[in-house]
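Asker:
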Amino acid sequence: MSFFFSEAQDASIRKLQAESLRPVKKYVPDSLIKKWKSGGNYTLTIGQGTLSNWAAGGDQFSLTVNTILQLYSYYRKGRNSWDNTLDIFFGYINTTSLGSRKNDDRFDLISKYGYSLNKKINLATLFNVRSQFVRGYTYPNNVKTFASSFLSPAYIIFSQGLDFRPNKQISVFFSPIT
């Protein structure tokens, strides 16, 4: 009776075995605090209404579609802060008696830079732009009349002042110069 034992491995298997025995470097997270915080919220609302045999008036059918997009980006480093928000609202309504019309169209961009004087008060500069995206109309006597368009009108505000922050959620901006 004889026993025969044989073991064969190619070079790539031996290399993998050797690598598996090496120590693994432990991941050390970055010790720096994240300077930017960004995020947002999106809302889509759809509403529909139907009336029949309604004595007080109203439309037999109405459909509304509204959307809201809210974005923010905040920066903090040392005594400097920079807060940015963008709010966009847009909506349409369709009724049997009036047809289709926009019922909401606006955007509001706010950018505020602050330099900390102490823990609760910042010396701040604020920039704000408010306007709309698409043409707007008025309907005197049910006649469509052009009233406004993109950036017409546009409300632009540039102001400097003090920003009081009693905590992280509240900011009150005092602006004697606008």
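For the sequence shown, the residue numbers in the working numbering are 1476 to 1653.
We treat Cβ as the ideally placed atom computed from N, Cα and C, and that holds for glycine.
Tell me which residues share the same chain as Phe1621 and place their Cβ nearer than 7 Å to its Cβ, disregarding the 5 neighbours each side in the sequence.
Answerer: The residue given as residue 1621 occupies position 146 in the sequence shown. Here the set comprises Arg1610, Tyr1612.
Asker: Buried or exposed: Asn1642, going by 16 or more other Cβ atoms within 10 Å of its Cβ?
Answerer: In the sequence shown, counting from the first residue as 1, residue 1642 sits at position 167. Exposed is the call here.
Asker: Count the other CB atoms within 10 Å of the CB of Ala1599; is the residue buried (16 or more) or exposed (fewer)?
Answerer: Start at 1 with the first residue of the sequence shown, and residue 1599 comes out as number 124. Ala1599 is buried by the Cβ-count criterion.
Asker: Can you pull the DSSP bridge partners for Thr1571?
Answerer: By 1-based counting over the sequence shown, the position of residue 1571 is 96. DSSP lists no partner for Thr1571.
Asker: Can you give the beta carbon distance from Phe1564 to Arg1581, rounded, assuming they're within the 8 Å contact cut?
Answerer: To locate residue 1564, count along the sequence shown from 1; it is residue 89. To locate residue 1581, count along the sequence shown from 1; it is residue 106. 5 Å between Cβ atoms; contact.
Asker: Give the C-beta separation of Tyr1547 and Gly1515 to the nearest angstrom, bearing in mind that I take them to be a contact with Cβ-Cβ under 8 Å.
Answerer: Position 72 of the sequence shown holds residue 1547. Position 40 of the sequence shown holds residue 1515. Contact holds; Cβ gap of about 6 Å.
Asker: How many Å lie between Asp1562 and Gln1545 at the Cα?
Answerer: Taking the first residue of the sequence shown as position 1, residue 1562 is located at position 87. Taking the first residue of the sequence shown as position 1, residue 1545 is located at position 70. In this structure, the alpha-carbon of Asp1562 lies about 5 Å from that of Gln1545.
Asker: Is there contact here, the stretch 1484-1494 with the stretch 1523-1538, by at least three beta-carbon pairs under 8 Å?
Answerer: no
Asker: How many Å lie between Asp1579 and Tyr1567 at the Cα?
Answerer: For the purposes of this step, residue 1579 is taken as the residue at position 104 of the sequence shown. For the purposes of this step, residue 1567 is taken as the residue at position 92 of the sequence shown. The alpha-carbon atoms of Asp1579 and Tyr1567 are separated by roughly 7 Å.
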